[in-house]
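Position 82 of the sequence shown, counted from 1, bears residue number 82 in this note's numbering, the numbering being contiguous throughout. Just so it is clear, CB atoms sit at the ideal spot from N, CA and C, and this is done for glycine as well. These numbers were taken from a predicted model, which means no experiment stands behind them.
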Amino acid sequence: MESRHLFMISLGGVIGTGLFLSSGYTIHEAGPIGTILAYGIGAIVVYLVMLCLGELSVAMPETGSFHVYADRYIGPGTGFTVAILYWLTWLWSALFMAVIFISNALSVKFFAETEFWFSSIKVIAIVLFIVVGFLAIFGIIPIKGTTHAPLFSNLVKDGLFPRGFKAVFTTMLTVNFAFSGTELIGVTAGETKDPGKNIPRAIHTTLLRLVIFFIGSIVVMSALIPWQKAGVSQSPFVLVFNSIGLPFAGDLMNFVVLTAILSAANSGLYASTRMLWSLANEGMIPIKYAKTNSHNVPMLALCLSMIGGIFALVSSVVAASTVYLVLVSISGLAVVIVWMAIALSEINFRKQFLKDGHKLSELKFKTPWYPIVPWAAFIMSLLSCVLIVFDPNQRSALFYMIPFLILCYGVYYGKEYLKKRRVVNND
């Protein structure tokens, strides 16, 4: 992959339905100022995690990097669990299975090029949305039913935190899930041209991109839509364009949302496939899943990921209140747990690196303010998991995730125990 591919994949992976749809839920729950604050905190958390991932990815550019780092610097059980969690996060990729399967199956270059153009459509749409939105905010473009510029009165007319300050923190899991995808920089490290140069470049621009696209969009939405009307039944982007009176606004944004889903699913299937490949490459699952075809695509891992995606899609229809709910709950927390693993891996990597006699000057990319940055990333990610216990709408995620984590560790160490028993018996 080239620099432009890495840039757009990392950007496209994070711009998905979390911004186009779920942002309305956050505005409704936390209010305008609360949402801006929540997304601001989320952007900082993501940037801190990316700084940690940058040092790891440049020092060890591994395909499917997260679980490899966790395996080496936390423990093999954690590495296995991280890989399974991240694989599950993207099971819904089967929504447009034919398109994304072909994109992933042909070659890494074809996938990167496809994702580049998918992401470009989303980026262009968001830039236009922000520009048109600010023109409407300042009265340059008229809004239906008003005779004056709305400016920013909607942000504060019901108080800074109409649902209380606590809502800022109880919505953090939704915000962090909206930001999920930036960590794809690490997954692509092993297939990126000149990772020592391109990965730091992509990471350093992450915070700026998130602030511009996410917080810029949230400010426009909050200024033009009363927070009580925001929700998840209709995209806030569509609500804004309709209020301005743009023709075909609904159809246009439905196309963009469709592209966003395709893009997120495309990059998600890539990530889940590489996670399975990496598990096989590390000997944690059968080695056959690490085999690649003539285009260097791990087809068995790709097919298994697609089967998992089909299962998730079917469960959303026939078992929406049971199996599918569990999958969604686990997925919501999985990314944040992966971020915690990245931060902890970086802390232990730096300690081991120096212990082995190396010098910091040998690292091409160093996480700044070590160990403050990785510990801040770990603690802030942990808090976003714990604080959802105060939100009855998301509390079930913890109840599903904790036994699933125990199950993952149990499967790994049970497998290792049986392997050792077979060795002993053979001797």
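C-alpha distance - residue i paired with residue j, whole-angstrom precision
i      : j      : result
Pro61  : Gly24  : 37 Å
Ala83  : Thr259 : 27 Å
Phe390 : Thr367 : 33 Å
Leu252 : Pro150 : 24 Å
His295 : Asn104 : 11 Å
Met445 : Pro392 : Nothing about residue 445 can be reported from this structure: the residues present for the chain run from 1 to 427 only.
Thr273 : Phe152 : 45 Å
Arg395 : Ile388 : 6 Å
Cys303 : Gly34  : 42 Å
Leu224 : Arg209 : 22 Å
Gly414 : Ala125 : 49 Å
Leu354 : Ser361 : 11 Å
Tyr400 : Ser22  : 21 Å
Phe134 : Lys109 : 37 Å
Pro200 : Phe365 : 7 Å
Ala230 : Ile337 : 29 Å
Ala320 : Phe101 : Interpretation of Ala320 is limited by its pLDDT of 49, a score under 50 that renders its predicted location unreliable; the figure taken from the coordinates is listed afterwards. Answer to the nearest angstrom: the Cα atoms are 24 Å apart.
Leu246 : Leu160 : 30 Å
Val132 : Gly196 : 38 Å
Tyr409 : Met284 : 12 Å
Lys430 : Thr170 : The structure shown has nothing for residue 430, since the chain only spans 1 to 427.
Val156 : Ile140 : 22 Å
Leu53  : Lys166 : 30 Å
Phe118 : Asn293 : 25 Å
Arg422 : Ile41  : 50 Å
Gly357 : Ile406 : 36 Å
Lys503 : Gly75  : Given a span of 1 to 427 for the chain in the structure shown, any question on residue 503 remains unanswerable.
Own chain, CB closer than 7 Å to residue i, minus 5 neighbours either side, in chain order
i      : result
Tyr73  : Ser345, Asn348, Phe349 and Gln352
Leu37  : Val168
Leu363 : Glu55 and Ala59
Ala136 : Ile143, Leu224 and Ile244
Beta-carbon proximity list for residue i, same chain, < 6 Å, skipping 5 on both sides
i      : result
Met275 : Gly64, Ala83, Tyr86 and Trp87
Val46  : Phe179 and Thr182
Tyr412 : Gly77 and Phe80
Trp375 : none
Ala70  : Thr78, Gly79, Val82, Ala341 and Ser345
Met380 : Val45
Pro280 : According to the sequence provided, residue 280 is Ala. The question's Pro does not apply to it. Closer than 6 Å at the Cβ level, and outside the excluded window around Ala280, lie Ile287, Tyr289 and Ala290.
Glu416 : none
8 Å CB neighbourhood of residue i in its chain, flanking five on each side removed
i      : result
Val68  : Met60, Glu62, Gly79, Ser278 and Glu282
Leu106 : His295 and Val297
Ile372 : none
Val424 : none
Val256 : Phe20, Ile121, Lys122, Ala125 and Phe237
C-beta contact flag for residue i and residue j at 8 Å
i      : j      : result
Tyr39  : Val175 : yes
Ala30  : Val240 : no
Ala377 : Leu19  : no
Ile445 : Pro236 : Residue 445 falls outside the range modelled here, since the chain spans only 1 to 427, and no answer is possible.
Ile143 : Ile244 : yes
Leu382 : Met340 : yes
Ala397 : Leu333 : yes
Lys122 : Ser222 : no
Phe177 : Val335 : yes
Tyr289 : Phe111 : no
Asn198 : Pro32  : no
Leu184 : Ser57  : no
Leu51  : Ile212 : no
Phe138 : Val220 : no
Ala343 : Phe214 : no
is_contact[residue i, chain D] using C-beta, thresh 8 Å
i      : result
Asn426 : Of the protein chains in the structure, only one exists, and it is not chain D.
Quick check for students: name the residue ranges of the alpha helix (DSSP H) that lie wholly in the region 137–202, counting only runs of 4 or more. 153–156, 166–170, 172–179 and 184–187
With a floor of 4 residues, list each alpha helix (DSSP H) that falls wholly inside the region 347–391, ordered by position along the chain. 372–386
With a floor of 3 residues, list each beta strand (DSSP E) that falls wholly inside the region 37–64, ordered by position along the chain. For the region 37–64, not a single whole beta strand (DSSP E) run of length 3 or above is found.
What are the start and end residues of each continuous beta strand (DSSP E) run of 3 or more residues lying completely inside the region 234–303, in chain order? none
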